[in-house]
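Here the structure is laid out as structure tokens; the discussion comes afterwards.
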Ligand code: HEM
Ligand code: HEM
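Numbering (the numbering used here), first residue to last: 93 to 332.
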């Protein structure tokens, strides 16, 4: 059985931040292209097309990696509505990361424009030549790009809320450089102790007393372990 981890794996984290950078570059290069009539247009298009195709490949790798390494469970402090919102926005982000490049590729195919990646390396068309399809996809590309931007802003707001106000470990689960403040964020049917705290009985004996918090969710108890370096929270599920 594949179990979720206390934080995103290093590979998932690298993919997340790399793709976040690429998508922001795509949004800004796209707007720059649409607003530009100078020589810069060609330069922006030559960046926009291969980066867009790179996003298409990376999102497939990312989805497969997600199946193999499920994301951490959400903190017990999140309400059912917040969990639903988080899942729905992640699903929307994944969908847009897949569909937007396909729409871009499709619209250039319908306009009989080559999708040049680099030099003479080109992708084959995925749609027949049709100006009606091109017009439809060109508009769709714009609307989906704006939807992606709006979803990104909501996602950024939620990440900052978790990181700066709630400090519940959600932001640090995606920021693997924040090792010193590793908070176990999930309720799970397993005992998970942060990497910086050894699980051996000997080490646990030398830790300061545990503060046992009341369970916020019927599924689990949360134990907070304070040590001199940082705060860790471990989660234990109730026996089945
Ligand atoms: C995640 C991927 C992508 C994002 C976020 C994105 C974003 C954008 C944005 C914001 C625009 C400007 C829309 C407007 O103001 O009307 C645009 C235009 C465009 N995009 Fe993309 N795009 C992506 C992928 C692609 C791909 C893969 C291709 C082609 C293979 C492509 C080709 C184009 C073209 C040809 C334009 C129109 C430029 C013009 O007005 O002449 N895009 N894109
Ligand atoms: C265009 C840019 C971005 C995209 C497309 C994006 C996309 C995503 C997706 C799809 C997930 C879900 C992870 C998964 O289940 O595989 C995620 C998680 C996360 N992202 Fe982003 N992200 C972007 C930018 C950012 C930024 C700028 C921040 C922080 C300031 C951020 C912070 C996080 C955090 C903390 C999580 C974990 C949330 C959780 O598991 O509930 N992301 N992101």
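The beta-carbon is built from N, C-alpha and C at its ideal position, and this holds for glycine as well.
For residue j and residue i, the rounded distance between their alpha carbons
| i | j | result |
| --- | --- | --- |
| residue 98 | residue 235 | 36 angstroms |
| residue 221 | residue 102 | 43 angstroms |
| residue 133 | residue 261 | 42 angstroms |
| residue 106 | residue 246 | 21 angstroms |
| residue 255 | residue 231 | 36 angstroms |
| residue 258 | residue 176 | 18 angstroms |
| residue 226 | residue 181 | 28 angstroms |
| residue 141 | residue 189 | 14 angstroms |
| residue 267 | residue 204 | 42 angstroms |
| residue 194 | residue 244 | 19 angstroms |
| residue 111 | residue 147 | 7 angstroms |
| residue 211 | residue 233 | 25 angstroms |
| residue 206 | residue 252 | 41 angstroms |
| residue 122 | residue 238 | 11 angstroms |
| residue 152 | residue 218 | 18 angstroms |
| residue 127 | residue 167 | 43 angstroms |
| residue 156 | residue 108 | 13 angstroms |
| residue 263 | residue 165 | 13 angstroms |
| residue 274 | residue 138 | For residue 274, the predicted structure reports a pLDDT of 43, less than 50, and the residue's modelled location is therefore unreliable. A value from the coordinates is still provided. Approximately 41 angstroms, taken between the alpha carbons. |
| residue 309 | residue 242 | Confidence is the limiting factor: at residue 309 the pLDDT is only 37, short of 50, which leaves the residue's position unreliable and the question unanswerable from this model. |
| residue 169 | residue 183 | 21 angstroms |
| residue 185 | residue 209 | 24 angstroms |
| residue 158 | residue 104 | 8 angstroms |
| residue 162 | residue 154 | 11 angstroms |
| residue 174 | residue 192 | 26 angstroms |
| residue 202 | residue 223 | 7 angstroms |
Bridge-paired residues (DSSP) for residue i
| i | result |
| --- | --- |
| residue 210 | 213 |
Cβ pair residue i, residue j closer than 7 angstroms
| i | j | result |
| --- | --- | --- |
| residue 229 | residue 198 | yes |
| residue 196 | residue 144 | yes |
| residue 265 | residue 100 | yes |
Start-end ranges of the beta strand (DSSP E) lying completely within the stretch 192-262, minimum 3 residues: As far as the stretch 192-262 is concerned, its whole beta strand (DSSP E) runs of at least 3 residues are 207-210, 213-215.
Minimum length 4: unbroken alpha helix (DSSP H) runs contained in the stretch 96-129: Correct list: 102-126.
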